[in-house]
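Undergrad: Heads up: the sequence shown is residues 1 to 256, going by full-length UniProt numbering.
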Amino acid sequence: MEVLAVINQKGGVGKTTTVLNLGPALAAKKQRVLLIDLDPQANLSSCYKTVDNRASLDTSGWLMDPGRASDAIQNVGDNLDLIKASRRLMHDLDDRLRNLSVGGDTRLRKALASLRNQYDWVLLDCPPNLGKITVNALAASSIYLVPMRPEFFSVHAFSALDALAHGVKEELNQYLHFLGILFTQYNRASRTRSHREVVEELSGKYPTFNVTIRQSNPLAVSPSLQQDIFKVSPESAGAYDYQKLADEVLTKIEQA
Ligand SMILES: Nc1ncnc2c1ncn2[C@@H]1O[C@H](COP(=O)(O)OP(=O)(O)OP(=O)(O)O)[C@@H](O)[C@H]1O
Ligand SMILES: [Mg+2]
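#1: Out of Gly23, Val76, Arg54, Leu112, point me to the one whose CA is closest to methionine 64's CA.
#2: Could you confirm whether any beta carbon from chain D is found closer than 8 Å to the beta carbon of threonine 184?
#3: Which residues in the same chain as glutamine 243 place their Cβ atom closer than 7 Å to its Cβ, once the five residues preceding and following it in sequence are excluded?
#4: Could you check what DSSP says for glycine 12 in three-state terms: helix, strand or coil?
#5: Which residues in the same chain have their Cβ closer than 7 Å to the Cβ of arginine 98, if we skip the five residues on either side of it in sequence?
#6: Report all residues from its chain with a CB closer than 8 Å to the CB of glutamate 2; omit the five preceding and five following residues, and keep chain order.
#7: Span of the alpha helix (DSSP H) holding tyrosine 240?
#8: Which residues mark the beginning and the end of the beta strand (DSSP E) in which methionine 1 is found?
#9: For arginine 196, does the count of other Cβ atoms within 10 angstroms reach 16, so buried, or fall short, so exposed?
#10: Look at the Cβ atom of serine 154, then the Cβ atom of valine 198, and state whether they are nearer than 8 Å.
#11: Could you check the C-alpha separation between histidine 166 and leucine 57 for me, to the nearest Å?
#12: Heavy atom of ligand 1 less than 7 Å from the Cβ of arginine 214, yes or no?
#13: Pull up the CB-CB distance for leucine 44 and threonine 16, whole angstroms please, since I reckon it's below 8 Å.
#14: Compute the minimum distance between the beta carbon of leucine 35 and the heavy atoms of ligand 1, and state whether it is under 7 Å.
#15: Mind checking leucine 225: buried by the 16 CB within 10 Å criterion, or exposed?
#16: Should isoleucine 15 be listed as close to ligand 2, given that the test is whether its C-beta is under 7 Å from any heavy atom?
#17: Would you kindly check if the distance between the Cβ of methionine 148 and the Cβ of asparagine 21 is under 8 Å?
#18: Mind checking glutamine 255: buried by the 16 CB within 10 Å criterion, or exposed?
#19: Between leucine 130 and ligand 1, is the CB less than 7 Å from at least one heavy atom?
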């Protein structure tokens, strides 16, 4: 089971959009996929209609009572399950994890251990900060990727994230592997000098994905339709790019 954290403490860079669309792209390749909404904003969860009223626990309830995974998991598509976040219940999860006397950094890893044979992929949608929830995601993951808008301020933010990931790797999870930076919301028309410089500066230092996620209106519209890009607009640039991302993720895993 690969556990993939999609992280960046900067907001609005495409974390949720990536989990929402990479999930079904992997599921279409016969991979058994579980999406987990770790963000108290619950944006990923709001992209899905409530389909299974038996799912009485949200992510925070499951983390506090990991034996009850079957009360948290909902089926949302072929080969595709989801654990939803509830805005009401998640708002203080970071504090609750911090206040646990033991194991506050590895709660998610422990909870995932019992699902090991059920899934090929777990995709974690993280909140836009480097708090305890994000530390839990990194401690539980085999791999992580960082969606990023190619802008000057992204470089500065990335160094803090990189330092945290190194700390987690050293202290909590020696198997954590960085898949790469995924440039998102790429707009050819506004490709400025600084944009190119950011891509060049980071590509020289860190692994990056060959595929770039272009700005694509259907990607912005699909959450409000509560559907992924492959259902809303299968011929769009966004569908093509996320399909390519699934291919590249699988290739990178084989090479890792
Ligand atoms: N490639 C794209 N083309 C057009 N719109 C996009 C694209 N990627 C994301 N968006 C839109 O940009 C906004 C931010 O994306 P998203 O919610 O995925 O970012 P995020 O990193 O999860 O944000 P947060 O940090 O708040 O959780 C959303 O309205 C989304 O629909
Ligand atoms: Mg998000």
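Just so it is clear, CB atoms sit at the ideal spot from N, CA and C, and this is done for glycine as well.
TA: So, to answer that:
#1: Reading the sequence shown from its first residue, position 64 is the one you call residue 64. The shortest Cα separation from methionine 64 among Gly23, Val76, Arg54, Leu112 belongs to Leu112.
#2: Protein chain content of the structure displayed is limited to a single chain, and chain D is not contained in it.
#3: To locate residue 243, count along the sequence shown from 1; it is residue 243. Within the same chain, glutamine 243 has close Cβ partners Ala25.
#4: Within the sequence shown, residue 12 is the residue found at index 12, counting from 1. Glycine 12: coil per DSSP, three-state reduction.
#5: In the sequence shown, counting from the first residue as 1, residue 98 sits at position 98. Gly104, Lys132.
#6: Counted from its first residue, the sequence shown places residue 2 at position 2. Asp120, Trp121, Val122, Ser142, Ile143, Ile253, listed in sequence order.
#7: What you label residue 240 is simply residue 240 of the sequence shown in a count that begins at 1. First-last of the alpha helix (DSSP H) with tyrosine 240: 237–255.
#8: Start at 1 with the first residue of the sequence shown, and residue 1 comes out as number 1. Neither: methionine 1 is in no beta strand (DSSP E) and is coded neither H nor E.
#9: Here the question's residue 196 lines up with position 196 in the sequence shown. Under this definition arginine 196 is an exposed residue.
#10: Numbered from 1 along the sequence shown, position 154 holds the residue referred to as residue 154. Numbered from 1 along the sequence shown, position 198 holds the residue referred to as residue 198. In contact: serine 154 and valine 198 (Cβ atoms closer than 8 Å).
#11: In the sequence shown, the residue the question calls residue 166 occupies position 166. In the sequence shown, the residue the question calls residue 57 occupies position 57. Straight-line Cα distance between these residues: approximately 32 Å.
#12: Start at 1 with the first residue of the sequence shown, and residue 214 comes out as number 214. At least one heavy atom of ligand 1 is nearer than 7 Å to the Cβ of arginine 214, so yes.
#13: As a first step, residue 44 must be located in the sequence shown, where it is residue number 44. As a first step, residue 16 must be located in the sequence shown, where it is residue number 16. Confirmed, about 5 Å.
#14: Indexing the sequence shown from 1 puts residue 35 at position 35. No, Cβ of leucine 35 sits at least 7 Å from all heavy atoms of ligand 1.
#15: Taking the first residue of the sequence shown as 1, we reach residue 225 at position 225. Label assigned to leucine 225: exposed.
#16: Taking the first residue of the sequence shown as position 1, residue 15 is located at position 15. According to the sequence as given, residue 15 is lysine; it is not isoleucine. True, at least one ligand heavy atom lies under 7 Å from that Cβ.
#17: Residue 21 sits at position 21 when you count from the first residue of the sequence shown. Residue 148 sits at position 148 when you count from the first residue of the sequence shown. For asparagine 21 and methionine 148, no; Cβs fall outside 8 Å.
#18: For the purposes of this step, residue 255 is taken as the residue at position 255 of the sequence shown. Classification for glutamine 255: exposed.
#19: Position 130 of the sequence shown holds residue 130. No, Cβ of leucine 130 sits at least 7 Å from all heavy atoms of ligand 1.
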